[in-house]
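Novice: Position 38, counted from 1, in the sequence shown is what the numbering used here calls 39; the numbers after and before it change by one each time, with no gaps.
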Amino acid sequence: MHNLRPERVVRAFERAGWTVERQRGSHVHLSRPGNPNLLSVPVHKGKPIKIGLLKKLLALAGLSPEEFMELYR
2 MHNLRPERVV
12 RAFERAGWTV
22 ERQRGSHVHL
32 SRPGNPNLLS
42 VPVHKGKPIK
52 IGLLKKLLAL
62 AGLSPEEFME
72 LYR
C-alpha cells in the first residue's frame, strides 16, 4: 500500500460514499453525510500519498486498509 496516486485516492473515497465539497489550492476536501469529519487529500502532480497520511485518512473515514484497496482498484 504505497505509491498511491492522489487522484485515485480521491476516487476511492468517492466510491465509499464521500463527496468532494471543494478544492482549495492543491487540497481536495471530502465530506460524507453522517460523518462529522472532513477529509483533506493533497493532490500534487507526481507526488504519491504518504502512508502515514493515508492511515490517518482511513481512520477518519472508518475504513480498513483492505476495504480501501478494494475501492482503489
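The beta carbon of each residue, even a glycine, is placed where N, CA and C say it ideally should be.
Here the structure is a predicted model, which is why all the values come from computation and not from measurement.
For P37, which of R23, E67, H3 and W19 has the nearest alpha-carbon?
Specialist: Here residue 37 corresponds to residue number 36 of the sequence shown, with the count starting at 1. For P37, the nearest C-alpha among the options comes from W19.
Novice: What span of residues does the beta strand (DSSP E) with P37 cover, start to end?
Specialist: Within the sequence shown, the letter at position 36 stands for residue 37. N36 to P43 is the extent of the beta strand (DSSP E) around P37.
Novice: Whole angstroms are fine: how far does the CA of A13 sit from the CA of L58?
Specialist: By 1-based counting over the sequence shown, the position of residue 58 is 57. By 1-based counting over the sequence shown, the position of residue 13 is 12. C-alpha separation (whole angstroms): 12 Å.
Novice: Just how far apart, CA to CA, sit E15 and R33?
Specialist: As a first step, residue 15 must be located in the sequence shown, where it is residue number 14. As a first step, residue 33 must be located in the sequence shown, where it is residue number 32. C-alpha separation (whole angstroms): 9 Å.
Novice: Where does A60 land, buried or exposed, given buried means 16+ other C-beta within 10 angstroms?
Specialist: By one-based count along the sequence shown, residue 60 stands at place 59. Exposed, because fewer than 16 other Cβ atoms sit within 10 Å of the Cβ of A60.
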